[in-house]
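For reference, the structure discussed in these notes is given below.
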Amino acid sequence: MRAGVVPAAAVAASIALAACGGGEVSSTAGQGGEDGTTTTEQVVVQVGNGDFNPAGVYEKAAPGVVTILSVFDGGGAGQGSGFVISKDGEIVTNSHVVASGGANNGGGELTPAKQVFVQFADGNQVPAEILGVDDDADIAVVKVDPGDLDELTVLPLSEREEYAVGEPVAAIGSPFGEEQSLSIGIVSAADRSIEGLSEFAIDNAIQTDASINPGNSGGPLLDSDGNVIGVNQQIATSSGTNSGVGYAIPAGAVRFSVDQIREKGEVDYAYLGVTTQSIWPQLADELGLETESGALVSQVVEGGPADDAGLEGSSDQITFQGTPIETGGDVIVAVDGRRLEAESDLAELISRRLPGTVVVIEIIRDGDSQELEVELKTRPDRIPSP
Numbered sequence: 003m004r005a006g007v008v009p010a011a012a013v014a015a016s017i018a019l020a021a022c023g024g025g026e027v028s029s030t031a032g033q034g035g036e037d038g039t040t041t042t043e044q045v046v047v048q049v050g051n052g053d054f055n056p057a058g059v060y061e062k063a064a065p066g067v068v069t070i071l072s073v074f075d076g077g078g079a080g081q082g083s084g085f086v087i088s089k090d091g092e093i094v095t096n097s098h099v100v101a102s103g104g105a106n107n108g109g110g111e112l113t114p115a116k117q118v119f120v121q122f123a124d125g126n127q128v129p130a131e132i133l134g135v136d137d138d139a140d141i142a143v144v145k146v147d148p149g150d151l152d153e154l155t156v157l158p159l160s161e162r163e164e165y166a167v168g169e170p171v172a173a174i175g176s177p178f179g180e181e182q183s184l185s186i187g188i189v190s191a192a193d194r195s196i197e198g199l200s201e202f203a204i205d206n207a208i209q210t211d212a213s214i215n216p217g218n219s220g221g222p223l224l225d226s227d228g229n230v231i232g233v234n235q236q237i238a239t240s241s242g243t244n245s246g247v248g249y250a251i252p253a254g255a256v257r258f259s260v261d262q263i264r265e266k267g268e269v270d271y272a273y274l275g276v277t278t279q280s281i282w283p284q285l286a287d288e289l290g291l292e293t294e295s296g297a298l299v300s301q302v303v304e305g306g307p308a309d310d311a312g313l314e315g316s317s318d319q320i321t322f323q324g325t326p327i328e329t330g331g332d333v334i335v336a337v338d339g340r341r342l343e344a345e346s347d348l349a350e351l352i353s354r355r356l357p358g359t360v361v362v363i364e365i366i367r368d369g370d371s372q373e374l375e376v377e378l379k380t381r382p383d384r385i386p387s388p
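Just so we're aligned: the sequence shown equals residues 3 to 388 in my numbering.
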């Protein structure tokens, strides 16, 4: 992965720290009563017209959050987080918690862990089976036998596709092996593009300033209602620890992966086969475009779906505001009638469809609007050269 970006999973040293308690720790939470008990006051943060109650979110969601311990061939071990998504014992985590490798994470295909164990909030620790891993979205599903466990607490995936910058969030996980840890913050940005384990980016990611550290990988990012809006995946840092910029895979992408893993144990993504650039108003004026948003096609992969449908790439290049711009190509402005507000919308709209789907792509070419039907193919393992 690029410098400064660290998956929020912990290594074997963190497991050892957790096993031995991490040393002597003392803390005070509230005021002790005469009977020796400790009373605490729940902190409620007023946000807009609603209340954000971190203690309430934690009480509701924490029983469904787990710690995941992975053992790899050669003696390596890792630790991360996860959360329960079904009474049948299905648990979501990151692929990099339960598998090693990946084209963008050391190279090679993903290699599943030799053994996986899941530790629940009540202290139970049981073996788990890996149902499937998705290196593109960095999402995995593991399954435990719920027969010998108390009734499992299921955390619901949010149905929302958009998240407001500034809305409060809570992250629960096992940073540095410290199980069931809560941190709170806000959605500090939306629609980010981040790296997964493959060469393809994860789009529409959620950026948060909630503290995410090694060991938080795979744990839930929750809204004020306790719904999972994202899966904590990585941090941007120069020190290896949290610096206030963390990223979560959005719930919609998680659901897309989980549904396919449940069905067939693997995940396929649709593929268009273009390289695009952003458009902004001043660039649109410079190029004489009749749209100020969309995706400017710079390159078309030979033999790909876009090529088959007749999309055209650039024929020239200019430098504008210090940025090299490939010009002369089609401008994609909509997919199946949904307008592109930003270039990143294109990747999101394509990646949420299945191979074989036929989409209608609206383009502007030489000032004229056209519609092209494109039959999407299966995304390749690596990004092809145009």
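Beta carbons: idealized from backbone N, C-alpha and C, even for Gly.
Taken through DSSP and simplified to helix, strand or coil, residue 116 comes out as coil.
As DSSP reads the structure, residue 186 sits in a beta bridge with 172.
Considered as a whole, the stretch 54-119 harbours 56-63 and 97-100 as its complete alpha helix (DSSP H) runs of no fewer than 4 residues, in chain order. In its chain, beyond the 5 residues on either side, 205, 271 and 272 have a beta carbon closer than 7 Å to the beta carbon of residue 353. Boundaries for residue 297: no alpha helix (DSSP H) harbours it, while the beta strand (DSSP E) harbouring it runs 297-302, taken from the DSSP string.
Distances from the alpha-carbon of residue 197 to those of 81, 179 and 249 put 249 closest. The stretch 224-290 is shown to contain whole beta strand (DSSP E) runs of 3 or more residues at 230-238, 248-252 and 276-280, in chain order. For the 7 Å CB-CB criterion, residue 230 and residue 157 form a contact. Residue range 127-136 is occupied by the beta strand (DSSP E) that includes residue 129. Within the DSSP bridge table, the entry for residue 373 names 364 as partners.
The three-state reading of DSSP puts residue 353 in helix, counting H, G and I together.
Secondary structure note for residue 311: its alpha helix (DSSP H) is the uninterrupted segment 307-311. A direct Cα-Cα distance of roughly 14 Å separates residue 355 from residue 139.
A straight-line Cα-Cα distance of about 22 Å links residue 326 and residue 202. In this structure, the beta-carbon distance from residue 195 to residue 210 does not fall below 7 Å. Cβ-Cβ distances below 8 Å link residue 360 to 375, 376, 377 and 378 in the same chain, with the five nearest sequence neighbours on each side left out; the list follows chain order.
Taking the Cα of residue 238 as reference, the smallest distance to any Cα among 226, 257 and 208 is reached at 208. Comparing alpha-carbon positions, the option among 79, 75 and 252 lying closest to residue 235 turns out to be 252. For residue 328, the enclosing beta strand (DSSP E) begins and ends at 325-329. Taking 7 Å as the cut-off, the beta carbon of residue 297 is found no closer than this to the beta carbon of residue 224.
The stretch 58-70 makes contact with the stretch 80-89, as at least three CB pairs between them are under 8 Å.
In the DSSP assignment, residue 222 forms a beta bridge with 233. The shortest C-alpha to C-alpha distance from residue 64 to any of 175, 151, 73 and 88 is the one to 175. Excluding five sequence positions before and after residue 279, the CB atoms of its chain that fall closer than 6 Å to its own CB belong to 298 and 300, given in chain order.
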